[in-house]
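Novice: Got a structure for you, written out below as structure tokens; questions coming shortly.
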Amino acid sequence: MVLVIGAAQTPFNRRKDGSSFRDWACDAFGAALAMSGINRDDIDALIVASESDFFTLQLN
-1 MVLVIGAAQT
9 PFNRRKDGSS
19 FRDWACDAFG
29 AALAMSGINR
39 DDIDALIVAS
49 ESDFFTLQLN
């Protein structure tokens, strides 16, 4: 069984603060976790996808 009980996203724009895709994914995960009302221990899997790690600081 698959349940989606929380979702979040980060702004889609060019960032000049040195942050990367991994930082943005972590921010979105934290927001989705807060929305869900569950603990990290309750999660069996987290799937994150990106076009390319090489282009994480470029607008694709």
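Going letter by letter, the sequence shown gives residues -1 to 58 in this note's numbering. The C-beta atom is built at its ideal place from N, Cα and C for all residues, glycine as well.
Could you spell out where the alpha helix (DSSP H) holding leucine 31 opens and where it closes?
Specialist: For the purposes of this step, residue 31 is identified with residue 33 of the sequence shown, where counting begins at 1. Unbroken alpha helix (DSSP H) run through leucine 31: 19 to 34.
Novice: In this structure, does DSSP put aspartate 40 in helix, strand or coil?
Specialist: Residue mapping note: residue 40 aligns to position 42 of the sequence shown, counting from 1. Helix, per DSSP.
Novice: Whole angstroms is fine: what's the gap from threonine 8's alpha carbon to glycine 16's?
Specialist: Numbered from its first residue, the sequence shown carries residue 8 at position 10. Numbered from its first residue, the sequence shown carries residue 16 at position 18. When rounded, the distance between both Cα atoms is 15 Å.
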